[in-house]
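Numbering (my numbering), first residue to last: 5 to 143.
Heads up, the thing below is written out as structure tokens.
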């Protein structure tokens with residue numbers, strides 16, 4: 005873990021994840037507003053309020069440090085418009101003085117280790133959102 009990361013959790017404001025196919029990122033989560041929307045298996049748009057706890061956000065901040073998120077290129081698209089039917093992700097970490105975002109296509113042709121790192125971080129964020137959604141359903 006990098007001790008002097010340019011982004012400090014004390015300055016963390018929000019996390020945004022958007023994903024979909026091509027350039028349509030209809031599935032979205034914003035930790036600041038707690039708005040979560042996604043297409044379910046029946047192609048219906050589901051909208052919910054899902055809260056990530058401070059511990060969840062700290063965990064995701066640390067995972068970003070672990071995966072080297074700050075060093076990822078901001079544009080990891082396979083093409084400008086995206087391949088029809090191919091998943092595209094937008095991940096943003098917002099801090100008081102800095103914001104880091106990445107656009108990532110699953111069929112990105114760059115460095116395989118970098119591609120695996122981005123996928124790993126996105127999967128971790130998605131899993132945390134789904135876990136938080138499960139906590140709501142359990143109550």
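The C-beta atom is built at its ideal place from N, Cα and C for all residues, glycine as well.
Own chain, CB closer than 7 Å to residue i, minus 5 neighbours either side, in chain order
i: residue 136; result: 54, 55, 56 and 60
i: residue 6; result: At residue 6, the pLDDT of 43 sits below 50, so the modelled position is not reliable and the matter cannot be decided from this model.
Cβ-based neighbour list, residue i, same chain, cut-off 6 Å, excluding 5 preceding and 5 following
i: residue 32; result: 22 and 41
i: residue 119; result: 112
i: residue 108; result: 80, 93 and 122
Nearest neighbour of residue i, chosen from the options [CA to CA]
i: residue 97; options: 123, 74, 138 and 24; result: 74
i: residue 110; options: 25, 100 and 11; result: 25
Cross-strand partners of residue i (DSSP beta bridge)
i: residue 80; result: 108
i: residue 103; result: 98
i: residue 39; result: 34 and 53
Supposed close pair residue i, residue j - CB separation, criterion 8 Å
i: residue 29; j: residue 92; result: 7 Å
i: residue 128; j: residue 64; result: 7 Å
Cβ-based neighbour list, residue i, same chain, cut-off 8 Å, excluding 5 preceding and 5 following
i: residue 49; result: 30, 41, 42 and 43
Please list the segments of the alpha helix (DSSP H) lying wholly inside the region 113 to 142, counting only runs of 4 or more residues, in order along the chain. 116 to 142
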